[in-house]
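Visitor: Residue numbers (mature numbering (1 follows the signal peptide of the UniProt record, and there is no 0)): -20 to -1, 1 to 231. Even for Gly, the Cβ is constructed at its ideal location relative to N, Cα and C. The structure presented is a predicted model; accordingly, all values stated were derived computationally and were not measured. Submitted below is the structure of interest, expressed as structure tokens.
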């Protein structure tokens, strides 16, 4: 009887230890910005996720190439505790599609984002659609990097934000190397990972019709918001809610 009691106690202690190890590492969220932005683009969403106990990291992309941005994202995933919910906006959708095959990634969240397939480039996705209002505001410099005009930022990228905010966004934006849109996905993460998609119905950068088509193709759980291209800035609570859903956290 004594031997049995000791064995039972050892098993119970082991179970408690395993439970402690399981609960020690929180779920992490890695946020990936797109072109004409930087990591601070997520400033309104981050505290909402942190308030729910999530570890949050916003990647700072160089916007030089798909490979470079995917590598930066993988470094953040490597450093993140626990499982990772990988979130991408716009160009960041292509980045999470490439980097999201990482074993720690539990789900993908696309926010008005590109979602290319394996072997496909980001630039190919819009070939069947007319140029958007935002595309007409691209400015290419002598080094073949694209930025967005101040007018484009206020009227096409973030038309639902105040003028004083869009002026700062225009001044702090990250320019993207034009050739990056030709870089091809190796293996699309959405083919093996649960996916969520937020469609911005008032988007003037990526046509909402294209967003809905992408969401359908990747079989994503889809949420539509009456928002500009930057729903995470104008509707942060709704965007955070979808991320929390992907993380399995109830409201």
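Looking only at its chain, what residues have a beta carbon closer than 7 Å to the beta carbon of residue 195, apart from the 5 residues adjacent to it on each side?
Guide: 177, 179 and 202
Visitor: Mind checking which residues open and close the alpha helix (DSSP H) that includes residue 212?
Guide: 211 to 214
Visitor: Residue 34 by DSSP, collapsed to three states: which one?
Guide: Taken through DSSP and simplified to helix, strand or coil, residue 34 comes out as coil.
Visitor: Suppose contacts are defined by Cβ-Cβ distances below 8 Å. Is residue 103 in contact with residue 90 by that definition?
Guide: no
Visitor: Scan the segment 110 to 160 and note each continuous beta strand (DSSP E) run of 3 residues or more that stays entirely inside, going in chain order.
Guide: 118 to 120 and 125 to 128
Visitor: On a Cα-Cα basis, can you pick out the residue from 137, 159 and 147 that is closest to residue 182?
Guide: 137
Visitor: Report, in whole angstroms, the separation of the C-beta atoms of residue 52 and residue 37, which I expect to be a contact under 8 Å.
Guide: The Cβ separation is near 11 Å, so there is no contact.
Visitor: Near residue 30, which residues of its chain fall below 8 Å by C-beta distance, leaving aside the five closest residues on each side in sequence?
Guide: 36
Visitor: Can you check which of these residues, 123, 16, 69 and 124, is closest to residue 10 by C-alpha distance?
Guide: 69
Visitor: Contact between the segment 83 to 99 and the segment 202 to 212: three or more CB pairs below 8 Å?
Guide: yes
Visitor: According to the neighbour-count rule (16 or more other Cβ atoms, all chains shown, within 10 Å of its Cβ), is residue 42 buried or exposed?
Guide: exposed
Visitor: Buried or exposed: which applies to residue 189, given that a residue is buried once 16 or more other Cβ atoms fall within 10 Å of its Cβ?
Guide: exposed
Visitor: My understanding is that residue 83 touches residue 163, with C-beta atoms under 8 Å, so please give their C-beta distance in whole angstroms.
Guide: No, residue 83 and residue 163 are not in contact; Cβ-Cβ is about 23 Å, not under 8 Å.
Visitor: Around the Cβ of residue 96, are there at least 16 other Cβ atoms within 10 angstroms (buried) or fewer (exposed)?
Guide: Label assigned to residue 96: buried.
Visitor: Can you list, in chain order, the residues of its chain whose CB lies under 7 Å from that of residue 54, leaving out five sequence neighbours each side?
Guide: 79 and 82
Visitor: Would you call residue 228 buried or exposed, if buried means 16 or more other Cβ atoms sit within 10 Å of its Cβ?
Guide: exposed
Visitor: List the DSSP bridge partners of residue 178.
Guide: 91 and 203, per the DSSP bridge assignment.
Visitor: Between residue 25 and residue 219, what straight-line distance do the alpha-carbon atoms span, to the nearest angstrom?
Guide: 7 Å
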